[in-house]
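Novice: Chains as they are written, first to last, in my numbering: chain A, 380 to 738; chain B, 24 to 314; chain C, 1018 to 1433.
1) Specify the secondary structure class of residue 37/B as computed by DSSP and reduced to three states.
2) Among all the DSSP beta bridges, which residues are the ones paired with residue 548/A?
3) What do you reckon, are the CB atoms on residue 1271/C and residue 1292/C nearer than 7 Å?
4) Are residue 1281/C and residue 1223/C close, meaning C-beta to C-beta below 7 Å?
5) Under the three-state reduction of DSSP, which class applies to residue 155/B: helix, strand or coil?
6) Does the segment 1200 to 1220 of chain C come into contact with the segment 1403 to 1423 of chain C, if we say contact requires no fewer than three beta-carbon pairs (one atom in each stretch) closer than 8 Å?
7) Along the chain, where does the alpha helix (DSSP H) containing residue 1140/C start, and where does it finish?
8) Apart from the five residues on each side of it in sequence, which residues of its chain come closer than 8 Å, Cβ to Cβ, to residue 200/B?
9) Assuming residue 1141/C contacts residue 1169/C (C-beta within less than 8 Å), just tell me the rounded distance between them.
10) Can you give the Cα-Cα distance for residue 641/A and residue 65/B, rounded to whole angstroms?
11) Any beta carbon from chain C within less than 7 Å of residue 555/A's own beta carbon?
12) Is it buried or exposed for residue 1259/C, if we count other Cβ within 10 angstroms and need 16 for buried?
13) When you compare only the Cα positions, how much space is there between residue 589/A and residue 1131/C?
14) Please identify, using Cβ separations under 8 Å, the residues of the segment 491 to 502 of chain A that lie next to chain C, in order along the chain.
15) Out of 682/A, 422/A and 676/A, point me to the one whose CA is closest to residue 1103/C's CA.
16) What residue does the beta strand (DSSP E) around residue 1405/C start on, and which one ends it?
17) Hey, is residue 1270/C's beta-carbon within less than 7 Å of any beta-carbon in chain B?
18) Let me know the secondary structure DSSP gives residue 449/A once reduced to three states.
19) If you run the structure through DSSP and keep just helix, strand and coil, what is residue 603/A?
20) In chain order, what residues of the same chain have a beta carbon less than 7 Å from the beta carbon of residue 579/A, not counting five sequence neighbours either side?
21) Strictly below 9 Å CB to CB, what residues from chain B border residue 1404/C?
22) Going along the chain, which residues of its own chain have a beta-carbon closer than 6 Å to the beta-carbon of residue 217/B, five neighbours each way excluded?
23) Let me see if you follow: with CB-CB separation under 7 Å, is residue 1261/C close to chain B or not?
24) Give every residue of the same chain whose Cβ lies closer than 6 Å to the Cβ of residue 454/A, excluding the five residues on either side of it in the sequence, and list them in chain order.
25) Check whether chain C comes within 7 Å of residue 214/B, counting only Cβ atoms and requiring the distance to be less than that.
26) Using a Cβ-Cβ distance under 7 Å, would residue 131/B count as near chain C?
27) Do we get a CB-CB distance below 7 Å when we pair residue 114/B with the residues of chain A?
28) Are there three or more Cβ pairs, one per stretch, closer than 8 Å when the segment 461 to 470 of chain A is compared with the segment 627 to 636 of chain A?
29) Relative to the C-alpha of residue 1083/C, which candidate in 1098/C, 1091/C, 1371/C and 1123/C has its C-alpha closest?
30) What three-state label does DSSP hand residue 1267/C in the structure shown?
31) Would you check if there are 3 or more beta carbon pairs closer than 8 Å linking the segment 235 to 254 of chain B to the segment 34 to 54 of chain B?
32) Quick check: residue 447/A and residue 583/A, are their CB atoms within less than 7 Å of each other?
33) Roughly how many angstroms separate the alpha carbons of residue 1107/C and residue 290/B, rounded to a whole number?
34) Who are the neighbours of residue 1496/C on chain A, taking C-beta pairs under 8 Å?
35) Along the segment 1228 to 1248 of chain C, what residues have a CB closer than 9 Å to any CB found in chain A?
36) Checking contacts by CB at 7 Å: is residue 318/B closer than that to chain C?
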C-alpha cells in the first residue's frame, strides 16, 4: 500500500532542485553571455530584436507583480508605459534634462498614477478592477491626443535623443542601448526576486491565494494592492523611457490596448508568478512574429490563442510549476508531518518525496 | 441644437443598449463579464454583410447571420468557458480567456475579410419625419422600434417562459437549480445563444445606421456598452436599456460641449464613477457575498 | 505535464537557434515578394493584392553574373490600412515588371521585396533595421503613415538608403535628410487648391472644417485655417472647426455644430472613411451642403460607402484615372487588368516613385548611393501623376486637377 509508484525521478522533479542548487551558476552564466553579446557584432536588426525582448521582459516582470503575485489582472499597462515614455521624452527633448533623471521622474509620475488606479481597488474586485485599468489605458491615450501643447498630440514626438552617459550616447549601434536595457532588466529581476520573500511579497501572494483569508489574518489588503500597482507602474514607466529612445518617435498609437494584450500574453504564457517565465514568454512572443512573417496577418490570433489555450490547459504557464498540494505550503510544513507519522495522504507524500530526498 | 444633440445621443445610446443586453444576459447567469461580446457583435454585422454579398437577399441573410452568431456564442462557451468551469478555475482565467477569444475573432475577421470599411445596405427606407421640430430619419425610428421590440421579447422570454424560469433559477443559485433537475449546461448555452442573437441584431442595425461595417467595430462599442450595462446594473435588462441611453446622451453632449475628441473617454469616466459610487448600478440588486 | 515541459524547452531551443541562424544569414530568408495570406488579400476591395503577380516578378532566377536590383516596399500589409501598403506593393511590382520586360536595369532583373510595418513606428524601426542589414537594397518605397515614415527615416538616412514615401504628409518628413524624399503633394498647395474649389468654383463663403485628429489632420487644418484667414478680404470666413477622432462613425454632434454655425461648405480633412459618413449624416439635416475634400478621398470606396450622399463632393487630385492622356490610360488599364481595381492617387505616386528610382539606377548604377541620390534630385520624371521634380527639401510640386462626384462617378469638375 505504501509502495511509491513513482520511484523514478521525473525531470520536472529535478528542476526545482537543479535551480536551487545551481540556480545562481546558471543565472550568472546567462548574464555573462548577455554581457558579451554586443561584442559578437550582430547586425542592427538582431540587436534591435534583443533590445525589444529585453524591454518586453521588463514589462512582463512589472505586470507579473500585479497578476502573478497579487492576482490583479491589469489591462492598462500600456498607459503606464506611455506616461514613462512621454515624461522622459518631453523632459530630455524640451528641457535638456539628463536622461536618467528624466527617467526617474517619469517613473515617479507613473507610480503616482499607479496609486490613483490602485485606489478604486478599495471597492472593486476582479473583473471590475480589470475593466477600470482598461479604461485607464484608453483615457491616457485620449489625454495624449488632446493635450497637444505638451504631447504634440497626433503629431507625435520625434527625434527622441539617445540617453547620454558621461558624454557618450547610448545607441543601438554602439551597443549602449542594449547594455542600458540589460542593466534595467537585471535590476528589475533582482528586485522582483527579492520582493517575493519579503513581508510585502508574502502579503501579495496571500492576497492572490485567498483574499478573504488574508484579511482574516490581518493583512492590510488595500495597502498591498496599491503597492502592487505602484510597483508595476514604476517598472513599466522605466521600461517606457528606454522604449521611447529605441523607437525615436512616439505618438498615441504606440501605446494601445494591443500592447497591453501582448504584455499580458507574455505573463500568462511564461507563467504568472515566476520570474524565469517572463524571459521565456517575452522571447517567444517577440521572436516568433519575426520568424513567422508569412503569418503576420494572424499574429494577434496567435496571441489570443496563447491566452485561451494557456488558461485552459496550463494556467501556470510554460515555466510555472503547479504545486501538487491544493494550495502553496511551505517546505517546512512537510517536515512537521513526517517526523513520527507513518501513513499520510498520497498527495502530500509525493510532494514530500521530492523535497526530502536529500535526507 | 441641444435638443437635437440629445436625440442624436438617444439613438446612439440605443445601439449601446442593444449590445449591453448581451453582457447582462451572460453576467446574470455566470457572474462573468464576457469580454468577447464586442467581437461577437462585430462578427454578427460582418457575417450578415458577407451573406448579402453572396447574393442571399436581405431578409434571409439577416436571419441566417443572426442564427450563425448565436451559434458562435454557444461555441465560445462550449470550447473555452465550460472547461474552465469544470476545472473550477479562478475567475481571472475566464476573463483572460474571453480577452483571448475577442482577439481571435476580430483578427480572423480582419485576416479573412480585410480591414477596410465596407458599405452596408440600409434596412429602412430613406426619408424622415418631423416631430415637434426634430427630424427623425426612418432608420432612427426603425432602430428604436426594433430595439424596444427585442428588449420586450427578451423580457418575455426571461419572465414568462419555462426556459426563462430555468434561466432565472440558475441566476439565483446554480447549484440549487441543478439539484432541482435543471440542465444547467443547456441553460447556459441558451443564454449565450440569446446573447449572440442580440449582438447580431445590434450589429446589423448599427451597420445599417452608419452605412458601413468593419472588423474592428466591436472594440469601442463593446467597451462603451459595458459601461452602459454597469451603469444600469449589470444583470438587469431594463437597466441595460437605461444605461445605454444615458451613456449615449452623455457622449453626445460631451462631444457638443467639450469637443468630439472627448467622446470616447466619457464612457470610461462614467464607468469609473459608477463603479466607485454605486457599483451595483441603477437597477442592480445588492448582493451579499457569502464567505 | 513534465513531458510537455521537456518538449517545449527543446522546441524553444531549436527555434532560438534556428532564428539566430536564419536572421544572421544575409537576405536569403526574406524570400522575394511574400504577399501575405491569400483569402484575405483577395477579398479586399482596394487595389487588391494577389500573390501571383509577386511571384511572376521574381520567378526569373538571377543570372549568375548579374545580381538583381532589389527594391524594398514597406508599408502596412496587414491590419488597418493594409489596402494602402498592398497598393504600394502592387504599383511597384507593376513598374518592375514593365522594366523587366524591357530587360531590367542594364540587364539586371528587378526584384521587389515586401515588408510589413503594420503601420506602427515600432515595427517600422524593426523593418528599417532589417532592410539596412541586408546590404543589397539600395532604395525603398515607403512607408505609408507620416509618423511611421519618420520613425524609420533616420535609419535609412544614416545608412544612405534612398526612401521615397508616396504618402507621408508631415511637413518635417523630407527634411530629415537628403536621402529622404516625398512623392506626395505638399499640404499647403493641396489645401490651397481645395479651398480654391470652394471659394471660386462653388462660390461659397462660410467654411466649416471637420478634421481627424492625426498628424496629417492637425497640420492640414492648421494650414487651412491660415489660408482662410488670408482670404478674409473676399468675405470668406471660417465659421467652425470640429476635430473628431478617426473612425468614430458617428459624426452627428460635430455636424450639428457645424450646421448651426451656418456653414455652407464643409472642408473634410480626412480620408474617404471620413468623407462618406460625413456626407451621409450631413445631408440628413442639410441636403444643400457642399463638401470639399482632398486627394485621398479619391477612391472607389468613397462611392461605395457614400452612395448618393457623396454626389457633389469635389476635391483636387494630381492623378485622375479617367484622364485622356494615353500614358495614364495605359497605366490604369494594366493596373486594373492585373489587380482588379483602379489605382488611386497614392498608388499612382508609388508607381511613379519606382519609375524614378529605376531610371536613376539605369543612369548611374546602384553602387554609389551619393550618385544615385544626386541623380534622383536632378531628374524631372514624366509620370502618371504629372511631371515630377524634387526640390532641395525632397518634396514635389504638381499641378492639380479638379474632380467631383456626379451620378455616382468621378468626373472632371465642370464637365457635363
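Quick reminder that beta carbons are idealized off the backbone N, C-alpha and C, glycines included.
Values in this document were obtained by computation on a predicted structure and should not be read as measured data.
Specialist: With the structure as the only source:
1) helix
2) 543/A
3) no
4) yes
5) Residue state, collapsed to three classes: coil.
6) yes
7) 1138 to 1151
8) Cβ neighbours of residue 200/B beyond the five flanking positions: 189, 192, 193, 207 and 210.
9) 4 Å
10) 22 Å
11) no
12) A residue is called buried once 16 or more other Cβ atoms fall within 10 Å of its Cβ, and residue 1259/C is buried on that count.
13) 52 Å
14) none
15) 676/A
16) 1403 to 1406
17) Chain B contact via Cβ: present.
18) coil
19) If DSSP states are grouped into helix, strand and coil, residue 603/A belongs with the helices.
20) Cβ neighbours of residue 579/A beyond the five flanking positions: 603 and 606.
21) Within chain B, no C-beta atom comes nearer than 9 Å to that of residue 1404/C; the closest sits roughly 32 Å away.
22) 48
23) yes
24) 509, 512, 513 and 639
25) By the rule that beta-carbons nearer than 7 Å mark a contact, residue 214/B does not touch chain C.
26) For residue 131/B, no Cβ of chain C is located within less than 7 Å of the residue's own Cβ.
27) Yes, residue 114/B lies at the interface with chain A (some Cβ there is under 7 Å from its Cβ).
28) Result yes; three or more Cβ-Cβ pairs closer than 8 Å.
29) 1123/C
30) Three-state DSSP puts residue 1267/C in coil, outside helix and strand.
31) yes
32) No, these two residues do not count as a Cβ contact at 7 Å.
33) Distance between the alpha carbons of residue 1107/C and residue 290/B: 41 Å.
34) Lying before the first or after the last residue shown, residue 1496/C is absent from chain C, which here runs from 1018 to 1433.
35) 1229, 1230, 1231, 1232, 1233, 1234, 1235 and 1236
36) Absent from the model: residue 318/B. The displayed extent of chain B is 24 to 314, so no value can be given.
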